[in-house]
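Under my numbering, read the sequence shown as residues 2 to 261, first letter to last.
Read through the structure below, which is laid out as structure tokens, and then see the notes.
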Amino acid sequence: MLISLEGKRALVTGGNSGIGEAIVDALSEAGAKVGINYVVHPETAKKIVTRIRGKRGEALALQADVTDPGAVAAMFGRMDEAWGGIDILVNNAGIDGGRALSWEADGGAWRKVIEVNLMGAFYCAQQALKRMISQKSGVVLSISSVHEIIAWSGYSAYTASKAAVGMMTKSLAQEAAPYGVRVLAVGPGAIKTPINRSVWSDPAGLKDLLSKIPLNRMGEAEEISRMVVVLVSDVASYVTGRTIYVDGGMTDYPDFARGG
Ligand code: NDP
């Protein structure tokens with residue numbers, strides 16, 4: 002089966018690092034024009050634009066802090082000016098906020114995680130859906146996490162934000178479905194990126210992590226980006242309102258492999 006996104010106009014938030022960068026590359030390889038959003042690292046975004054243009058693809062680096070609705074609106078305005086709109090939004094920008102037990106957590110840091118992971122995804126989805134509803138086509142895909150459904154001590158803001166992204170996805174999918182617009186999410190397991198460097202660079206932390214993954218290895222960013230390309234394409238034309246987990250079996254209660 003050949004998947005082509007030829008002529009589609011895509012935007013990936015946090016597209017300059019880790020999973021977002023892999024999604025940008027995969028969308029571009031499938032033929033899409035890709036807007037690469039970043040917040041504080043223009044050099045990485047511009048390097049990716051150069052790489053894509055070197056392969057005759059189309060890409061734009063778009064600075065915006067997704068927690069700022071005015072900046073988000075301006076970013077979508079730049080997509081309109083360059084390409085006349087948007088067909089695919091990937092809400093990928095996210096932070097984990099660092100580990101802190103709830104009674105020791107700083108309120109501002111907790112709120113920041115919600116602002117980036119949830120409010121940022123909402124502001125971008127709102128701008129995208131305005132355009133997709135009127136053109137009666139499009140896909141909004143958010144990168145959630147296995148922590149949409151798995152608790153994580155010390156990361157209550159992160160788990161709360163991802164659980165909320167899951168339910169926001171379902172509700173927006175109901176709103177958009179009558180217009181032929183799909184809204185869905187991908188929930189990655191442990192993928193080796195800068196966000197979790199402290200875990201995979203520590204042998205004891207890595208051993209503990211692998212004990213939670215039936216496939217017994219961390220995932221690669223490309224294993225997420227390939228699934229994203231499938232889900233935003235017409236191959237997945239009947240999939241909406243769901244989080245699809247790409248996690249090596251992490252959400253399958255691996256402890257039960259040894260009996261229950
Ligand atoms: P990275 O730290 O590599 O990338 C995070 C990205 O988010 C960066 O591009 C960063 O931009 C961007 N970003 C952060 N804050 C903002 C903001 N306010 N506005 C715009 N962009 C922002 O992490 P990953 O690639 O690992 O994570 C990507 C997504 O995947 C996140 O939503 C994360 O929760 C999710 N995820 C990751 C997993 C993993 O194991 N890696 C597992 C499950 C989910 P900049 O570089 O400019 O700061």
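All C-beta atoms in this analysis are idealised placements derived from N, C-alpha and C, irrespective of residue type, glycine included.
Candidates the options, of which the one nearest residue i by Cα
{"i": "isoleucine 196", "options": "Ser18, Met2, Leu6", "result": "Ser18"}
{"i": "aspartate 97", "options": "Glu221, Gly55, Ser199, Asn217", "result": "Ser199"}
{"i": "alanine 1", "options": "Glu116, Gly15, Ile24, Lys163", "result": "As shown, the chain starts at 2 and ends at 261. That puts residue 1 outside it, with no answer to give."}
{"i": "lysine 137", "options": "Asp256, Arg79, Gly86", "result": "Gly86"}
{"i": "valine 182", "options": "Phe257, Met133, Trp153", "result": "Met133"}
{"i": "isoleucine 150", "options": "Ala62, Ala164, Leu63", "result": "Ala164"}
{"i": "threonine 170", "options": "Thr45, Gly155, Ser145, Trp153", "result": "Ser145"}
{"i": "aspartate 66", "options": "Ile53, Gly16, Ile4", "result": "Gly16"}
{"i": "arginine 1", "options": "Lys193, Val187, Asp253", "result": "An answer regarding residue 1 cannot be provided, because it is not within the stretch 2 to 261 covered by the chain."}
{"i": "proline 43", "options": "Leu207, Gln64, Ala101, Thr241", "result": "Gln64"}
{"i": "aspartate 248", "options": "Asn217, Thr194, Met219, Gly190", "result": "Gly190"}
{"i": "glycine 155", "options": "Ala62, Thr241, Trp111", "result": "Trp111"}
{"i": "isoleucine 115", "options": "Arg243, Lys47, Val166", "result": "Val166"}
{"i": "glutamate 105", "options": "Leu61, Ser157, Leu130", "result": "Ser157"}
DSSP three-state assignment for residue i, whether helix, strand or coil
{"i": "tyrosine 246", "result": "strand"}
{"i": "isoleucine 115", "result": "helix"}
{"i": "alanine 60", "result": "strand"}
{"i": "alanine 158", "result": "helix"}
{"i": "arginine 183", "result": "strand"}
{"i": "isoleucine 19", "result": "Contrary to the premise, residue 19 reads as glycine rather than isoleucine in this sequence. Note: glycine 19 maps to helix in three-state DSSP."}
{"i": "glycine 109", "result": "helix"}
{"i": "glycine 121", "result": "helix"}
{"i": "glycine 99", "result": "coil"}
{"i": "threonine 241", "result": "coil"}
{"i": "aspartate 66", "result": "coil"}
{"i": "methionine 2", "result": "coil"}
{"i": "isoleucine 214", "result": "coil"}
{"i": "alanine 178", "result": "helix"}
{"i": "alanine 31", "result": "coil"}
Per DSSP, cross-strand counterpart(s) of residue i
{"i": "alanine 89", "result": "The sequence given here has isoleucine at residue 89, not alanine. According to DSSP, which records beta bridges pairwise, isoleucine 89 is partnered with Ala11, Val140."}
{"i": "glycine 188", "result": "Tyr246"}
{"i": "glycine 261", "result": "Answer is none; glycine 261 lacks a bridge partner."}
{"i": "glycine 220", "result": "Ile192"}
First through last residue of the alpha helix (DSSP H) which encompasses residue i
{"i": "lysine 34", "result": "That residue, lysine 34, is in no alpha helix (DSSP H); its beta strand (DSSP E) goes 34-39."}
{"i": "leucine 207", "result": "204-211"}
{"i": "phenylalanine 77", "result": "70-84"}
{"i": "proline 43", "result": "43-55"}
{"i": "serine 234", "result": "Unbroken run through serine 234: none, as it is neither H nor E."}
{"i": "serine 146", "result": "No alpha helix (DSSP H) holds serine 146; DSSP gives it neither H nor E."}
{"i": "serine 199", "result": "198-201"}
Residue i versus residue j - alpha carbon distance
{"i": "glutamate 30", "j": "lysine 213", "result": "33 Å"}
{"i": "serine 5", "j": "serine 234", "result": "7 Å"}
{"i": "threonine 51", "j": "threonine 45", "result": "10 Å"}
{"i": "cysteine 262", "j": "alanine 258", "result": "Since the first residue shown for the chain is 2 and the last is 261, residue 262 is missing from the structure and cannot be characterised."}
{"i": "glutamate 22", "j": "proline 179", "result": "32 Å"}
{"i": "glycine 108", "j": "leucine 173", "result": "28 Å"}
{"i": "threonine 160", "j": "lysine 34", "result": "32 Å"}
{"i": "alanine 101", "j": "glycine 71", "result": "31 Å"}
{"i": "glycine 95", "j": "alanine 122", "result": "9 Å"}
{"i": "serine 162", "j": "asparagine 92", "result": "13 Å"}
{"i": "arginine 79", "j": "alanine 205", "result": "46 Å"}
Proximity test, residue i beta-carbon vs the ligand SAM heavy atom, cut-off 8 Å
{"i": "asparagine 217", "result": "As far as ligands go, the structure on display features the ligand NDP and does not contain the ligand SAM."}
Test: residue i CB closer than 9 Å to a CB of chain C
{"i": "valine 231", "result": "In summary, chain C is missing from the structure at hand, where a single protein chain is found."}
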